[in-house]
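Data first, discussion second: the structure below is written as structure tokens.
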Amino acid sequence: MTEAEIHLLDTETWDQHELLEVICSRYFVLGSQGLAEYSWEVNGREGRSPSASLRSLNRHLKDLSLIAVLDEGDPPLLSVGGLPSQVMVMPAWQQALVWVLVTGFVTMAGALWVTHLNPASTTFESAVLQTSLVFFALPVVGSVLLASYARIFVSDAFEVESNHLIPLAFPVMSPEWPFSLISAIGQMRPDLNPIPNRRALGFIELTTPTVMFVCGSILTILGLGMTPNQPPAYEAAPIVVDTNFLVDILGSVMLSSDVALKLQWIHPTGLAGIALSLAGWALILPIPGFPGDRILHAIIGPEDMQEGSNQTSIFIATLGFALLIFISTEYWPWLLLAAIAAWRRFSPEQMPSPYIVDEYAGLDEIQMRQIASLTLVILLLGYPGLEPSYEMEDWDKGLSTESWPTHISFENGNVEIELTLEPVGVMPVSGWLQMRIEGDPFGDWQIVSECMDERGVCRFDDITQVSPGSVSVSMNRDQMEASEQTFRLVILLDVADHVSEYTIVFHPTGVTSPIDPLWVMVEDTQTPRICVEIMVVEDDYVNLTNNNPFWSFENETSLGPGIHDLCMRGHEGALQSLLMWDDQYRRMGPPIFMSRENLSNDVLALPVEGTQPIIQVSDGEWHIPEWFELDSEYAIARGESGSAFCPSTEVIAEVNASGDWVRDLADRSSILLPAGEIGNATLRFDASGWLAMCRGTTMLASYRVAEGPDVMVNPGTLSSRMPNGEFSIVNRQNTSMQISLDWTGDAVAWDNWEAWAPSEVAAMSSVTANASVHGSPSAWWAAWVTADEDDITLHFAARSWEAP
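What follows is the structure, encoded as structure tokens:
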């Protein structure tokens, strides 16, 4: 048996603190211990910088599942703790499954966009799905995958563990978000993923937004180049998208066509680019949890981010941003983004901050400028606007008049204008233009245009935003003896389902004239009030007089230079006392004589708006009277609003006018009646708007339509001046109606007047009445017939010349 070997054992072992102190002392000169258990004030050993020493120390500690961090300070404070354990990321096969699923979602959304551009196709057609996959899904998913690999590459360069991004997308398309792609998120928690320093944090977090933004901008330019110049055959309102400033600049330089037009029907590749640019721009916003917030940490520094004054400034800026968004737009994705920003910034549960290992290293000025400049460039050039996508209103609403003038000055009786023809929306527009002059009845203006045919109608076809048209119009005044007056050119824009009117007012230069060419009916009562503004030019002084005793001035009649309100009040029968009509069958207002000292005198003759003859309709039906029969064919046109115009087209439905027949007249519709007898004809339409009788584009008569008993007079119309002598009152109601007489005026007691009518008119019959004048009385008179639910009234008014 051999002698036992003796080994000496220490009775004391190192504890954790002593072990870490010994290890750290190999790389640092340790000073005073910090407040934490494993922390010391340190400096680099052997002239090395603290940051370089920290990297060497952490390579040693990594095998022990420990990590050392270096805080800002002078001297810096070294702390050692356990290496954070990441939450388990998805295995590779699950990540691949997610990417495949998202690709399917994006393909589905792209197919919806393709069918939106081509309504004749269906979503699940193989050709549609292939187009969506190739031109939309692969560019989107491929760019996000490129951003994911780029982030991993940059992370590896800084010795940071990283995994693939997870894309998020919707499989649907809506006007507010037709882009499908929402975002791309990382799988690792920032507070559990150590980052060497602020520089590494800044460049790693910048990688994904930058790659997505650059890829998106390139794809947008390519997509715009692939977008056709002409719009597709939309069947529903198009979804219009907007681009960022960078694409606007590059598009204006690289593309020959108008970028704004192509954004109304952009190619799927262009839509993919906008989706990527939007997502990249949104990721760089300084919202807690977004890469932009971690970039802000890198630029400012964790310590400054937690400082009270900086926190307050960030809170106020976030609140201001949220309020600005809520005030400026109703675009719900931006509202949601602003709400998330405010909620996360103000939430008591703070988002985890990035885990920066070496805070002492900081950022030098060059690095800070690089990160901040790139961030600002993306934020500014990538700004997508307050409404990156929206559904276009009025996408098929006819011609646009935005560029047309409203007022033009002229002189010497000649006017020339050029009107641009372009659609309001996106669809090609075809139709007609009709033009007429209203006002200045003594000027005898003539309209000349090369586009007008022999009927005075201008036809245009297939006007688009890319290929607009134009119409040149000249107007010449044949009657040069009379003074120039204000007039207006009324243009009917007759496009299928979208009929509208546009008015251009022409003012003579250096001539005293009304500002508007028509009297405005201010009070449409038994004692009507009409007004107009009159502009007296410099060095002109006029005195106004009126010889119609039914009308009197309400304002000053001696006018100097400037703009003046001119109003006239009428007695009962004032409108009926007016003898003349304009071409649209409005009553011409009382002539106003303008006299000047030692200068020529003028006469103002203006039509009164809304004074066309009246047709009353009962229960939505109106029977065409037999005296409407003419010896040649003519059309009856109807409209619910606007001015009366004859049909622009020569293709009008002709009725079979034999026997009993009924037709419905919709808004802006017309029928063609043959010459001679028209049978027992009934028209059905609402008791509003207007009715016109036309031969071609020549208006034979124009009527206002009102609700009331179906009573007519022949010759003449209700509420209009009757001719001197006998006439018929026709009751076309199913009940008899009483007839009464009403005398008014200061001269009705004279012996020159005769007015009588039977006391009653039976149902569906007529009676003869009379309104006559004997001799040559020095008075102005008017007779007219009205009908209401109570009875029929024959009115007779007479006023003396001597008592206006």
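So in the working numbering, spot 20 of the sequence shown is number 33, and the numbers just go up one at a time.
Every residue, glycine too, gets a C-beta built ideally from N, C-alpha and C.
Touch test, the segment 709 to 725 against the segment 630 to 641, Cβ-Cβ under 8 Å, three pairs minimum: Yes, they touch.
Spatial distance of MET14 from HIS30 (CA atoms): Confidence at MET14 is low in this model, with a pLDDT of 49, below 50, so its placement is unreliable and the value that follows should be read with caution. Straight-line measurement puts the Cα of HIS30 at about 45 Å from the Cα of MET14.
Local Cβ density within 10 Å of LYS75, reported as buried at 16 or more and exposed below that: Exposed, by the Cβ-count rule.
Proximal residues to ASN56 (C-beta, below 6 Å), its chain only, five neighbours per side dropped: Contacts found: VAL42 and PRO88.
ALA311 beta carbon less than 8 Å from that of THR331: Judged by beta-carbon spacing, ALA311 lies beyond the 8 Å limit of THR331, meaning their Cβ atoms are not closer than that value.
Alpha-carbon spacing of ALA816 relative to GLY583, whole angstroms: At ALA816, the pLDDT of 46 sits below 50, so the modelled position is not reliable; the number obtained from the coordinates is stated separately. C-alpha separation (whole angstroms): 13 Å.
Spatial neighbours of LEU888 in its chain, beta-carbon cut-off 6 Å, leaving aside the 5 residues before and after: Limits of the chain in this structure are 14 at one end and 817 at the other, which puts residue 888 out of reach.
Residues bridged to GLY583 (per DSSP): DSSP lists TRP564 as the beta-bridge partner residues of GLY583.
Other residues of its chain near MET465: CB distance less than 6 Å, five sequence neighbours each side excluded: Its chain contains CYS471 as the residues whose beta carbon lies nearer than 6 Å to that of MET465, once the 5 sequence neighbours on both sides are disregarded; these appear in chain order.
At least 3 beta-carbon pairs within less than 8 Å: the segment 662 to 673 vs the segment 686 to 704: Because the criterion of three Cβ pairs below 8 Å is met, the segment 662 to 673 and the segment 686 to 704 touch.
Nearest residue (CA-CA) to SER608, options PRO301, SER38 and THR570: Nearest neighbour of SER608 by Cα position, chosen from PRO301, SER38 and THR570, turns out to be THR570.
DSSP three-state assignment for PHE825, whether helix, strand or coil: Only positions 14 to 817 of the chain appear in this structure, which leaves residue 825 out of reach.
Burial state of MET448 (16 or more Cβ within 10 Å): Classification of MET448: buried, given that the 10 Å Cβ count is 16 or more.
Separation of LEU178 from TYR51, as counted between CA atoms: Distance between the alpha carbons of TYR51 and LEU178 is about 35 Å.
Buried versus exposed call for TRP564 [16 or more other C-beta atoms within 10 Å across all chains shown]: Around the beta-carbon of TRP564, 16 or more other beta-carbon atoms lie within 10 Å, marking it buried.
Rounded Cβ spacing between ILE452 and GLN498 (contact assumed at less than 8 Å): The question names Ile, but residue 452 is Gly in the sequence shown. Between GLN498 and GLY452 the Cβ distance is about 7 Å, and since that is below 8 Å, they are a contact.
Classification of VAL127 by the beta-carbon crowding that lies within 10 angstroms, buried from 16 upward: VAL127 is buried by the Cβ-count criterion.
Supposed close pair ILE80, VAL370 - CB separation, criterion 8 Å: Here ILE80 really is in contact with VAL370; their C-beta atoms are around 7 Å apart, less than 8 Å.
Limits of the beta strand (DSSP E) - the one that THR799 falls within: 792 to 800 is the span of the beta strand (DSSP E), which, as asked, contains THR799.
C-alpha distance - VAL549 paired with HIS577, whole-angstrom precision: One Cα belongs to VAL549, the other to HIS577, and the distance between them is close to 8 Å.
SER840 versus PHE226 - alpha carbon distance: In the structure as shown, the chain begins at 14 and stops at 817. Residue 840 is therefore absent and cannot be evaluated.
Sequence-distant residues of the same chain with beta carbon closer than 7 Å to TRP797, five excluded per side: Counting only Cβ-Cβ distances below 7 Å, and skipping sequence neighbours, we find GLN589, SER732, SER733, ARG734, MET735 and HIS808.
Beta-carbon spacing of ILE6, VAL512 below 8 Å: A question about residue 6 goes unanswered here, because the residues of the chain that appear run from 14 up to 817.
Unbroken beta strand (DSSP E) run spanning HIS636, endpoints: Start and end: 634 to 636.
Span separating the alpha-carbon of ALA782 from that of VAL508: Just so you know, the alpha carbons of ALA782 and VAL508 end up roughly 46 Å apart.
Cβ-based neighbour list, PRO620, same chain, cut-off 6 Å, excluding 5 preceding and 5 following: Contacts found: LEU531, ASP595, ARG599 and MET601.
For MET14, three-class secondary structure by DSSP: Since pLDDT at MET14 reaches only 49, below the 50 mark, its modelled position is unreliable, and the value read off the structure follows with that caveat. Coil at MET14, not helix or strand.
Pair within 8 Å by beta-carbon distance, GLU404 and ALA250: For GLU404 and ALA250, yes; Cβs fall inside 8 Å.
8 Å CB neighbourhood of GLY575 in its chain, flanking five on each side removed: Within the same chain, and ignoring the five residues on either side of GLY575 in sequence, the residues whose Cβ sits closer than 8 Å to its Cβ are MET548 and VAL549.
ASP596 (DSSP reduced to helix, strand or coil): Here ASP596 sits in coil by DSSP.
Rounded distance between the beta-carbons of GLN746 and GLU773, thought under 8 Å: Rounded, the Cβ-Cβ distance is 12 Å, inconsistent with contact.
Simplified DSSP assignment, three categories, for THR748: In the structure shown, THR748 sits in coil (DSSP, three-state: anything other than H, G, I, E or B).
Cβ-based neighbour list, LEU298, same chain, cut-off 6 Å, excluding 5 preceding and 5 following: Around LEU298: GLY305.
PRO365 in three-state terms, based on DSSP: In the structure shown, PRO365 sits in coil (DSSP, three-state: anything other than H, G, I, E or B).
Separation of THR240 from ARG681, as counted between CA atoms: Straight-line measurement puts the Cα of THR240 at about 37 Å from the Cα of ARG681.
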